[in-house]
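A.B. asks: First residue of the sequence shown: 24, per this note's numbering; consecutive thereafter.
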Amino acid sequence: MRKKIIHDISANTLQAGINQLCGFVIFYILSISLDKDHFGEINWSLAVLLTSFGILACGIDQVALKRIASGNDAQPVLAAFIMHVLIAGIIFYLSLLLSYFLFPHFHQQHNLLLLLGIAKLMIFFSTPFKQLATGLGKFRPLLIMSICSNLVRSIALLVLSAFGNTDLSTIIFIFIIGDLSELILCIFITIKVIKIPVRLQWNKKNYTGLFRESIPQLGVAVITSIIARFDWIFLGIFTSSIILADYSFAYKVFEMSTLPLLVIAPVLISRFAKLFHPAAAKLSVDKTAGIIMLLKMEMLIASFTAMVLNILWVPVIDLITHGKYGFVNRQTILILSACMPFLYLNNFLWTINFSKGRLKMIFYVFLFTLLANLAGDIILIPFFKGEGAAIGYLLAMITQSFLYFRQTNIDGLKKNSYCIILFPCFAAISGYCAYWLLPNSFLALITATIFYFLLLIVTKQLRYEDWLSLKRITGSQGQPVQ
Numbered sequence: 024m025r026k027k028i029i030h031d032i033s034a035n036t037l038q039a040g041i042n043q044l045c046g047f048v049i050f051y052i053l054s055i056s057l058d059k060d061h062f063g064e065i066n067w068s069l070a071v072l073l074t075s076f077g078i079l080a081c082g083i084d085q086v087a088l089k090r091i092a093s094g095n096d097a098q099p100v101l102a103a104f105i106m107h108v109l110i111a112g113i114i115f116y117l118s119l120l121l122s123y124f125l126f127p128h129f130h131q132q133h134n135l136l137l138l139l140g141i142a143k144l145m146i147f148f149s150t151p152f153k154q155l156a157t158g159l160g161k162f163r164p165l166l167i168m169s170i171c172s173n174l175v176r177s178i179a180l181l182v183l184s185a186f187g188n189t190d191l192s193t194i195i196f197i198f199i200i201g202d203l204s205e206l207i208l209c210i211f212i213t214i215k216v217i218k219i220p221v222r223l224q225w226n227k228k229n230y231t232g233l234f235r236e237s238i239p240q241l242g243v244a245v246i247t248s249i250i251a252r253f254d255w256i257f258l259g260i261f262t263s264s265i266i267l268a269d270y271s272f273a274y275k276v277f278e279m280s281t282l283p284l285l286v287i288a289p290v291l292i293s294r295f296a297k298l299f300h301p302a303a304a305k306l307s308v309d310k311t312a313g314i315i316m317l318l319k320m321e322m323l324i325a326s327f328t329a330m331v332l333n334i335l336w337v338p339v340i341d342l343i344t345h346g347k348y349g350f351v352n353r354q355t356i357l358i359l360s361a362c363m364p365f366l367y368l369n370n371f372l373w374t375i376n377f378s379k380g381r382l383k384m385i386f387y388v389f390l391f392t393l394l395a396n397l398a399g400d401i402i403l404i405p406f407f408k409g410e411g412a413a414i415g416y417l418l419a420m421i422t423q424s425f426l427y428f429r430q431t432n433i434d435g436l437k438k439n440s441y442c443i444i445l446f447p448c449f450a451a452i453s454g455y456c457a458y459w460l461l462p463n464s465f466l467a468l469i470t471a472t473i474f475y476f477l478l479l480i481v482t483k484q485l486r487y488e489d490w491l492s493l494k495r496i497t498g499s500q501g502q503p504v505q
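Laid out in structure tokens, this is it:
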């Protein structure tokens with residue numbers, strides 16, 4: 024089992040690494056090829072579409088994953104989920120098309136919405152197949168499924184950029200082709216590799232059961248989708264495309280820097296679904312210690328990543344964007360990077376509570392998080408623009424962490440929670456001192472890294488016993504519940 028989880032993490036690492044690299048290539052080419060108005064408009068349209076499709080999933084994506092990971096028959100779950108995305112996706116796009124005739128002035132201002140909607144609809148249709156692969160622990164097929172679109176788009180944009188032909192219409196066409204390719208590949212892998220038949224069949228009983236179970240998660244799906252991109256949408260409506268272009272660039276790089284979380288999260292949910300299932304045995308002391316150690320490792324990674332991001336931001340980003348997005352975003356990235364430990368903590372605690380089936384509690388946590396985010400954005404964005412959006416997001420993440428922490432009951436969690444504060448503080452102290460004492464950013468990074476790990480070792484936050492606990496939790500077996 025230990026080899027299995029290592030292979031799973033390796034496949035997820037490769038998947039996330041390729042996606043992040045391709046995503047960076049795509050984002051970088053768009054940012055330097057397009058003016059800030061067009062770049063901001065693309066990001067605004069994608070924010071609206073991704074928010075909409077996140078809501079349309081209705082939380083069924085997470086419930087389907089949990090059912091499959093817990094050992095339920097995968098084919099009926101897949102069939103019900105496919106019918107949901109087909110019906111919801113088609114109704115949404117027809118509504119979008121109707122709005123083109125009812126509100127022509129709006130679509131003149133946002134003329135990319137319909138075209139990019141075709142591309143994102145294909146990705147929405149591919150969601151059931153990726154959740155199936157994740158739930159079954161088929162992380163190698165998932166790797167191929169998940170990188171197709173980004174790989175096609177990044178290669179096409181690189182080739183066109185080399186010939187100086189990255190005009191807006193060509194970029195939109197590439198987006199559509201890339202996302203369509205991913206859908207076709209997902210269907211092929213599901214049938215030929217995972218060996219699960221893909222059937223377009225309506226089964227009222229299966230769908231109703233899946234939808235009813237997802238109802239508590241529906242509110243969470245709506246709220247998380249709004250939180251993820253509300254600041255982009257709000258900035259695009261109430262400020263300008265240029266301000267949105269600046270903020271969305273900083274936010275996208277911040278998102279890309281959460282690569283380790285993208286690697287850990289899918290493996291964590293399939294693992295915790297077994298450990299915390301209501302029918303599973305009570306956690307042993309060793310497993311509990313291992314879970315605490317996982318949290319410490321996540322805090323270490325999150326804090327270190329935030330430190331690196333701030334030290335290298337201005338010299339690296341201004342160099343690669345020819346001065347467009349580095350210095351102007353230095354305060355925004357500082358605030359966003361402060362969210363990173365809270366993002367890791369929130370994902371960790373959400374996974375535990377979701378695996379326990381505490382969907383009602385999760386809904387209320389996300390509801391208060393949304394209210395904090397909305398209040399922060401509405402109050403701060405008119406005065407502070409992009410920095411205001413970043414502060415609003417930080418306040419929302421802190422609120423979510425506080426609520427999760429109060430509601431999550433695991434032996435030893437509160438007693439060992441000092442890592443949540445210490446690790447970010449050590450990173451902040453190390454990075455701040457090195458940045459201001461040393462003129463060279465790369466020399467400052469090396470010094471800050473050494474000082475950061477020395478602080479962790481001297482204060483005994485990193486110990487050999489912790490490594491043994493981590494090995495036990497990753498090597499333990501969990502049996503599917505029938």
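Note that CB positions come from ideal geometry on N, CA and C, so glycine has one too.
Since Q240 and Q85 should fall inside the 8 angstroms C-beta cutoff, what is the C-beta to C-beta distance between them, to a whole number of angstroms?
C.D. replies: Locating residue 240 in the sequence shown gives position 217, where the first residue counts as 1. Locating residue 85 in the sequence shown gives position 62, where the first residue counts as 1. With a Cβ gap of about 6 angstroms, Q240 and Q85 count as contacting.
A.B. asks: Can you give the Cα-Cα distance for L155 and E278, rounded to whole angstroms?
C.D. replies: Here residue 155 is taken as the residue at index 132 of the sequence shown, counted from 1. Here residue 278 is taken as the residue at index 255 of the sequence shown, counted from 1. Rounded to the nearest angstrom, the two C-alpha atoms are 25 angstroms apart.
A.B. asks: Checking 8 angstroms against the spacing of the C-beta atoms, do A87 and F104 come in under that value?
C.D. replies: What you label residue 87 is simply residue 64 of the sequence shown in a count that begins at 1. What you label residue 104 is simply residue 81 of the sequence shown in a count that begins at 1. Going by C-beta atoms, A87 is nearer than 8 angstroms to F104.
A.B. asks: Please name the residue, chosen from F257, L180, Q430 and R486, that lies closest to I407 on a Cα-to-Cα basis.
C.D. replies: Along the sequence shown, one-based indexing puts residue 407 at 384. First, the residue type needs correcting, since residue 407 is Phe and not Ile in the sequence shown. Answer by Cα proximity: F257.
A.B. asks: Measuring alpha carbon to alpha carbon, tell me which of R222, V276, I433 and A80 ends up nearest T311.
C.D. replies: In the sequence shown, counting from the first residue as 1, residue 311 sits at position 288. That would be I433, whose Cα lies nearest to the Cα of T311.
A.B. asks: Contact check, L366 vs T281 under 8 angstroms by CB: the rounded distance?
C.D. replies: Position 343 of the sequence shown, counting from 1, holds the residue named residue 366. Position 258 of the sequence shown, counting from 1, holds the residue named residue 281. About 6 angstroms; that satisfies the 8 angstroms criterion.
A.B. asks: Could you tell me the distance, in whole angstroms, from the CA atom of N333 to the CA atom of L291?
C.D. replies: Within the sequence shown, the letter at position 310 stands for residue 333. Within the sequence shown, the letter at position 268 stands for residue 291. Rounded to the nearest angstrom, the two C-alpha atoms are 28 angstroms apart.
A.B. asks: How far does the alpha helix (DSSP H) with N432 in it reach, from first residue to last?
C.D. replies: Residue numbering aside, residue 432 sits at position 409 when the sequence shown is read from its first letter. Here N432 belongs to no alpha helix (DSSP H), and DSSP marks it neither H nor E.
A.B. asks: Cutting at 7 angstroms between CB atoms, please list the residues of its own chain near F47, excluding the five before and the five after it.
C.D. replies: On the sequence shown, residue 47 is found 24 positions in, with the first residue counted as 1. So the list reads M279, once near-sequence residues are dropped.
A.B. asks: Can we say the stretch 106 to 125 touches the stretch 39 to 54, given the rule of at least three CB pairs closer than 8 angstroms?
C.D. replies: Contact between the stretch 106 to 125 and the stretch 39 to 54 is absent, because fewer than three Cβ pairs lie under 8 angstroms.
A.B. asks: Do L417 and I340 have their C-beta atoms within less than 8 angstroms of each other?
C.D. replies: The sequence position of residue 417 within the sequence shown is 394, counting from 1. The sequence position of residue 340 within the sequence shown is 317, counting from 1. No, the Cβ-Cβ distance between L417 and I340 is not below 8 angstroms.
A.B. asks: Can you check whether the CB of N66 is closer than 8 angstroms to the CB of L191?
C.D. replies: On the sequence shown, residue 191 is found 168 positions in, with the first residue counted as 1. On the sequence shown, residue 66 is found 43 positions in, with the first residue counted as 1. No. Outside cutoff.
A.B. asks: If we call anything under 8 angstroms between Cβ atoms a contact, is A102 one with R222?
C.D. replies: In the sequence shown, counting from the first residue as 1, residue 102 sits at position 79. In the sequence shown, counting from the first residue as 1, residue 222 sits at position 199. The answer is yes: Cβ separation under 8 angstroms.
A.B. asks: Just the Cα atoms here: how many angstroms apart are K143 and T213?
C.D. replies: For this step, residue 143 is matched to residue 120 along the sequence shown. For this step, residue 213 is matched to residue 190 along the sequence shown. For K143 and T213, the distance between alpha carbons rounds to 20 angstroms.
A.B. asks: For V276, which of helix, strand or coil comes out of DSSP?
C.D. replies: Within the sequence shown, the letter at position 253 stands for residue 276. Helix at V276.
A.B. asks: I41 to L285, Cα distance in whole Å?
C.D. replies: By one-based count along the sequence shown, residue 41 stands at place 18. By one-based count along the sequence shown, residue 285 stands at place 262. Spanning the two alpha carbons is a distance of roughly 12 angstroms.
A.B. asks: Report the CB separation of N352 from F272 in whole angstroms; it is logged as a contact under 8 angstroms.
C.D. replies: Locating residue 352 in the sequence shown gives position 329, where the first residue counts as 1. Locating residue 272 in the sequence shown gives position 249, where the first residue counts as 1. 7 angstroms between Cβ atoms; contact.
A.B. asks: Quick check on the DSSP output: what are the complete alpha helix (DSSP H) runs of length 4 or more inside the stretch 205 to 234, in order along the chain?
C.D. replies: Runs found: none.
A.B. asks: For D190, which of helix, strand or coil comes out of DSSP?
C.D. replies: Reading the sequence shown from its first residue, position 167 is the one you call residue 190. Note: D190 maps to coil in three-state DSSP.
A.B. asks: Taking C-alpha atoms, which residue in N396, G435 and T431 lies nearest to I421?
C.D. replies: Locating residue 421 in the sequence shown gives position 398, where the first residue counts as 1. If we check each option's Cα against that of I421, N396 comes out closest.
A.B. asks: Select from F449, G232 and K227 the residue whose C-alpha is nearest the C-alpha of L323.
C.D. replies: Taking the sequence shown and counting its residues from 1, one reaches residue 323 at position 300. Closest option to L323, Cα to Cα, is F449.
A.B. asks: Hey, L233 and V100 are a contact pair by Cβ (cut 8 angstroms); roughly how many whole angstroms apart?
C.D. replies: Here residue 233 refers to the residue found at position 210 of the sequence shown. Here residue 100 refers to the residue found at position 77 of the sequence shown. Indeed they touch by this definition, with Cβ atoms about 7 angstroms apart.
A.B. asks: Report, in whole angstroms, the separation of the C-beta atoms of A244 and G77, which I expect to be a contact under 8 angstroms.
C.D. replies: Counting from 1 along the sequence shown, the entry for residue 244 is found at position 221. Counting from 1 along the sequence shown, the entry for residue 77 is found at position 54. Correct: roughly 6 angstroms between the Cβ atoms.
A.B. asks: Alpha carbon to alpha carbon, how far is S248 from T74?
C.D. replies: Taking the sequence shown and counting its residues from 1, one reaches residue 248 at position 225. Taking the sequence shown and counting its residues from 1, one reaches residue 74 at position 51. Each residue's alpha carbon lies about 5 angstroms from the other.
A.B. asks: Report all residues from its chain with a CB closer than 6 angstroms to the CB of P503; omit the five preceding and five following residues, and keep chain order.
C.D. replies: As a position in the sequence shown, residue 503 is number 480, starting the count at 1. Low local confidence applies: a pLDDT of 35 at P503 is under 50, so the model's placement there is unreliable, and no value is given.
A.B. asks: If you follow the alpha helix (DSSP H) that C448 is part of, which residue opens it and which one closes it?
C.D. replies: Locating residue 448 in the sequence shown gives position 425, where the first residue counts as 1. Unbroken alpha helix (DSSP H) run through C448: C442 to L460.
A.B. asks: From T344, S263, D202 and I287, pick the residue whose C-alpha is nearest to that of A510; which is it?
C.D. replies: Residue 510 lies beyond the stretch modelled for the chain, which goes from 24 to 505, so this question has no answer here.
A.B. asks: How close, in whole Å, do the beta carbons of I7 and L53 come, if the pair is a contact with beta carbons under 8 angstroms?
C.D. replies: Within the shown structure, residues of the chain are numbered from 24 to 505, placing residue 7 beyond reach of any answer.
A.B. asks: Helix or strand or just coil, what does DSSP make of A361?
C.D. replies: Taking the first residue of the sequence shown as position 1, residue 361 is located at position 338. Note: A361 maps to coil in three-state DSSP.
A.B. asks: When burial is assigned at 16 or more other CB atoms within 10 Å of the CB, is D269 buried or exposed?
C.D. replies: By one-based count along the sequence shown, residue 269 stands at place 246. Counting Cβ neighbours within 10 Å, D269 comes out buried, since at least 16 surround it.
A.B. asks: Could you tell me the distance, in whole angstroms, from the CA atom of A70 to the CA atom of E64?
C.D. replies: Within the sequence shown, the letter at position 47 stands for residue 70. Within the sequence shown, the letter at position 41 stands for residue 64. Approximately 10 angstroms, taken between the alpha carbons.
A.B. asks: For the alpha helix (DSSP H) containing Y348, list its first residue and its last residue.
C.D. replies: Here residue 348 refers to the residue found at position 325 when the sequence shown is read from its first residue. Per DSSP, Y348 belongs to no alpha helix (DSSP H) and is neither H nor E.
A.B. asks: Leaving out the 5 sequence neighbours to the left and right, which residues in its chain are closer than 6 angstroms to D202 when beta-carbon positions are compared?
C.D. replies: On the sequence shown, position 179 is the one that residue 202 refers to. Closer than 6 angstroms at Cβ, skipping near neighbours: A142, M145, I146 and S172.
A.B. asks: Just to confirm, is the Cβ distance from I250 to A398 under 8 angstroms?
C.D. replies: On the sequence shown, position 227 is the one that residue 250 refers to. On the sequence shown, position 375 is the one that residue 398 refers to. No.
A.B. asks: Does DSSP put Q43 in a helix, a strand or coil?
C.D. replies: As a working mapping, residue 43 is identified with position 20 in the sequence shown. In this structure, Q43 counts as helix in the three-state DSSP scheme.
A.B. asks: Let me confirm a value: F198 is counted as buried when at least 16 other C-beta atoms fall within 10 Å, else exposed. Which label applies?
C.D. replies: If you number the sequence shown from 1, residue 198 lands on position 175. Buried, by the Cβ-count rule.
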